[in-house]
Amino acid sequence: MHTLCASTLIGEFFVIGFAGLVAMKDPDLTQATVWTVCGVTMLLSVLLCGMLSRPGAVQIGWALQIGLVLSGFVVPTMFILGAVFAGLWWCSVHYGRKIDVIKARWAAQAEAAAPDAA
Numbered sequence: 236m237h238t239l240c241a242s243t244l245i246g247e248f249f250v251i252g253f254a255g256l257v258a259m260k261d262p263d264l265t266q267a268t269v270w271t272v273c274g275v276t277m278l279l280s281v282l283l284c285g286m287l288s289r290p291g292a293v294q295i296g297w298a299l300q301i302g303l304v305l306s307g308f309v310v311p312t313m314f315i316l317g318a319v320f321a322g323l324w325w326c327s328v329h330y331g332r333k334i335d336v337i338k339a340r341w342a343a344q345a346e347a348a349a350p351d352a353a
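This is the structure we're talking about:
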């Protein structure tokens with residue numbers, strides 16, 4: 236699960252960075268507003284990558300996704316990006332857990348099939 240979640244977070248980092256560049260062309264938004272929203276989100280995405288093995292990291296990831304959606308009140312484009320990334324986060328968590336179960340099953344089978352080294 237950690238690999239899929241980390242990939243999603245790194246993807247968010249880059250896409251939000253590029254979205255910030257596009258949002259700066261909006262005459263209704265200031266650079267400070269755009270980079271506050273985008274910069275904080277990018278920083279939190281990278282920090283969360285390092286915390287994925289800790290308890291509660293998935294819940295913090297959900298809080299980040301909700302924050303992304305809510306940041307759409309400041310930068311309207313973020314409504315769409317936030318919804319897309321929340322869906323990707325759900326997929327990462329859901330399918331990542333399934334992959335973890337399969338990997339554990341394979342490891343158990345490999346351990347049972349290996350000859351005793353003792």
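In our numbering, each residue's number is its place in the sequence shown (first place is 1) plus 235. Note that CB positions come from ideal geometry on N, CA and C, so glycine has one too.
Below 8 Å on the Cβ atoms is my guess for residue i versus residue j; work out the distance and round it to an integer in Å.
| i | j | result |
| --- | --- | --- |
| G296 | C240 | 6 Å |
| I334 | M236 | 7 Å |
Please determine, among the options, the residue with the shortest C-alpha to C-alpha distance to residue i.
| i | options | result |
| --- | --- | --- |
| V269 | L279, S280, C284, F253 | F253 |
| M313 | H237, E247, T243 | E247 |
| M259 | L244, P350, A321, V309 | V309 |
| L305 | L282, T276, A343 | T276 |
| P311 | L244, T243, V250, D261 | D261 |
| T271 | L256, A349, V328 | L256 |
Starting from residue i, trace the alpha helix (DSSP H) in both directions and tell me its first and last residue.
| i | result |
| --- | --- |
| V271 | Per the sequence shown, the amino acid found at residue 271 is Thr instead of Val. Here the alpha helix (DSSP H) through T271 covers 266-286. |
| F314 | 312-348 |
Establish whether the CB of residue i and some CB of chain B are separated by less than 8 Å.
| i | result |
| --- | --- |
| T271 | The structure shown contains no chain B; it is built from a single protein chain. |
**Item:** the region 316-329 / the region 296-308 touching (three or more Cβ pairs under 8 Å)
**Value:** Yes, the region 316-329 touches the region 296-308.
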